[in-house]
Amino acid sequence: GQNIDQPTEMTATEGAIVQINCTYQTSGFNGLFWYQQHAGEAPTFLSYNVLDGLEEKGRFSSFLSRSKGYSYLLLKELQMKDSASYLCAVPGTYKYIFGTGTRLKVLA
Amino acid sequence: KAGVTQTPRYLIKTRGQQVTLSCSPISGHRSVSWYQQTPGQGLQFLFEYFSETQRNKGNFPGRFSGRQFSNSRSEMNVSTLELGDSALYLCASSLGTGSNGYTFGSGTRLTVV
Numbered sequence: 620g621q622n623i624d625q626p627t628e629m630t631a632t633e634g635a636i637v638q639i640n641c642t643y644q645t646s647g648f649n650g651l652f653w654y655q656q657h658a659g660e661a662p663t664f665l666s667y668n669v670l671d672g673l674e675e676k677g678r679f680s681s682f683l684s685r686s687k688g689y690s691y692l693l694l695k696e697l698q699m700k701d702s703a704s705y706l707c708a709v710p711g712t713y714k715y716i717f718g719t720g721t722r723l724k725v726l727a
Numbered sequence: 038k039a040g041v042t043q044t045p046r047y048l049i050k051t052r053g054q055q056v057t058l059s060c061s062p063i064s065g066h067r068s069v070s071w072y073q074q075t076p077g078q079g080l081q082f083l084f085e086y087f088s089e090t091q092r093n094k095g096n097f098p099g100r101f102s103g104r105q106f107s108n109s110r111s112e113m114n115v116s117t118l119e120l121g122d123s124a125l126y127l128c129a130s131s132l133g134t135g136s137n138g139y140t141f142g143s144g145t146r147l148t149v150v
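Protein chains in written order, with the working numbering: chain A, 620 to 727; chain B, 38 to 150.
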């Protein structure tokens with residue numbers, strides 16, 4: 620079967636660094652996506668990893684280890700606007716399987 | 038370019054009624070997927086359409102149905118509404134292959150009373 624696990628909630632302080640983990644089990648692997656979703660809004664694309672390693676994009680970086688079925692999203696220099704849910708997703712057959720999302724609260 | 042357009046944004050219906058939601062994908066995107074999002078369950082896959090064909094369907098009762106038109110616009114219908122159908126319904130547009138990623142619409146917030 621296919622399954623994705625993420626922590627439900629995390630809290631961090633403005634200016635800090637936070638790492639959001641995602642573990643997955645899939646019958647095949649075609650990459651892993653991270654999306655950001657602010658309350659009441661649509662999810663928006665953050666990153667896509669298909670090869671092992673770290674991909675950096677400004678304050679956000681995403682890491683993948685295919686052998687461990689593990690990914691993380693690293694957010695640096697946290698800002699209040701980073702308070703949102705972060706969704707990990709893997710493509711399946713004509714669909715994506717999403718984790719339940721990690722709600723991140725950034726405190727001043 | 039225009040994004041993914043979902044209408045209506047908000048909807049209130051009573052139990053037993055039916056509802057139709059609409060989604061217009063990004064121009065050139067032939068795949069439209071529908072998801073139900075609730076606080077406890079996260080995003081649950083409903084169905085995916087590509088060039089008017091349903092290629093996959095999630096584990097939802099037959100009350101949930103959908104279709105796609107030749108211009109790639111899609112509709113989903115929920116009949117005999119139940120209180121548990123209250124959710125955010127998201128439409129996602131893509132080119133249709135696994136690595137392309139989704140662009141989501143703003144969603145339709147359905148409340149069943």
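Don't be surprised by glycine CBs; every beta carbon is placed ideally from N, CA and C.
Predicted, not measured: the structure shown is a model, and the values here were computed from it.
Original post:
Going by the CB atoms, is the gap between residue 149 of chain B and residue 122 of chain B shorter than 8 Å?
Top reply: In this structure, residue 149 of chain B lies closer than 8 Å to residue 122 of chain B by Cβ.
Subject >> Under 8 Å between C-beta atoms of residue 86 of chain B and residue 80 of chain B >> reply: Taking 8 Å as the Cβ cut-off, residue 86 of chain B and residue 80 of chain B do not qualify as a contacting pair.
Subject >> Cβ-Cβ distance between residue 697 of chain A and residue 720 of chain A below 8 Å >> reply: No; because the gap between Cβ atoms is not below 8 Å, this pair is not in contact.
Original post:
When DSSP builds the beta bridges, which residues end up paired with residue 724 of chain A?
Top reply: For residue 724 of chain A, which the question treats as bridged, DSSP gives the partners A/630.
Original post:
Rounded to a whole number of angstroms, what is the C-alpha to C-alpha distance between residue 109 of chain B and residue 53 of chain B?
Top reply: Cα to Cα, the separation comes out at about 29 Å.
Original post:
Is the CB of residue 48 of chain B under 8 Å away from at least one CB in chain A?
Top reply: By this cut-off, residue 48 of chain B is not an interface position.
Subject >> Straight-line Cα distance separating residue 147 of chain B from residue 55 of chain B >> reply: If you take the alpha carbons of residue 55 of chain B and residue 147 of chain B, they lie about 11 Å apart.
**OP:** Could you pull the start and end residues of the beta strand (DSSP E) that residue 147 of chain B belongs to?
**Re:** Its beta strand (DSSP E) spans residues 145 to 149.
**OP:** In the DSSP assignment, find the unbroken beta strand (DSSP E) run with residue 81 of chain B in it and report its ends.
**Re:** Note, residue 81 of chain B: beta strand (DSSP E), 79 to 87.
Subject >> Residue range of the beta strand (DSSP E) that includes residue 624 of chain A >> reply: Unbroken beta strand (DSSP E) run through residue 624 of chain A: 622 to 624.
Original post:
Any idea what DSSP makes of residue 697 of chain A, helix, strand or coil?
Top reply: In the structure shown, residue 697 of chain A sits in coil (DSSP, three-state: anything other than H, G, I, E or B).
Subject >> When B/139, B/98, B/50, B/113 are compared against residue 713 of chain A, the one with the closest alpha-carbon >> reply: Ranked by Cα distance from residue 713 of chain A, the options B/139, B/98, B/50, B/113 are led by B/139.
**OP:** Could you please give the first and the last residue of the uninterrupted beta strand (DSSP E) stretch that includes residue 103 of chain B?
**Re:** From DSSP, the beta strand (DSSP E) with residue 103 of chain B extends over 101 to 105.
Original post:
By the 10 Å Cβ neighbour count, where 16 or more other Cβ atoms means buried, how is residue 644 of chain A classified, buried or exposed?
Top reply: Exposed, because fewer than 16 other Cβ atoms sit within 10 Å of the Cβ of residue 644 of chain A.
Original post:
Nearest to residue 652 of chain A by alpha carbon, out of A/632, A/691, A/631, A/630?
Top reply: Across the set A/632, A/691, A/631, A/630, the C-alpha of A/691 shows the shortest separation from the C-alpha of residue 652 of chain A.
Subject >> Minimum Cβ-Cβ distance from residue 147 of chain B to chain A less than 8 Å >> reply: Under the Cβ criterion of 8 Å, residue 147 of chain B is not counted among the residues facing chain A.
Subject >> Beta-bridge partners of residue 664 of chain A, as assigned by DSSP >> reply: A/654.
**OP:** Tell whether a beta-carbon distance below 8 Å holds between residue 142 of chain B and residue 78 of chain B.
**Re:** It is not a contact, given that the beta carbons lie outside the stated cut-off.
Original post:
Does residue 70 of chain B get closer than 8 Å to chain A when you measure Cβ to Cβ?
Top reply: Yes, because at least one Cβ of chain A sits closer than 8 Å to the Cβ of residue 70 of chain B.
**OP:** Confirm the yes/no value for this check: CB of residue 115 of chain B, any heavy atom of the ligand MG, distance under 7 Å.
**Re:** Among the ligands in the structure shown, none appear at all, so the ligand MG cannot be discussed.
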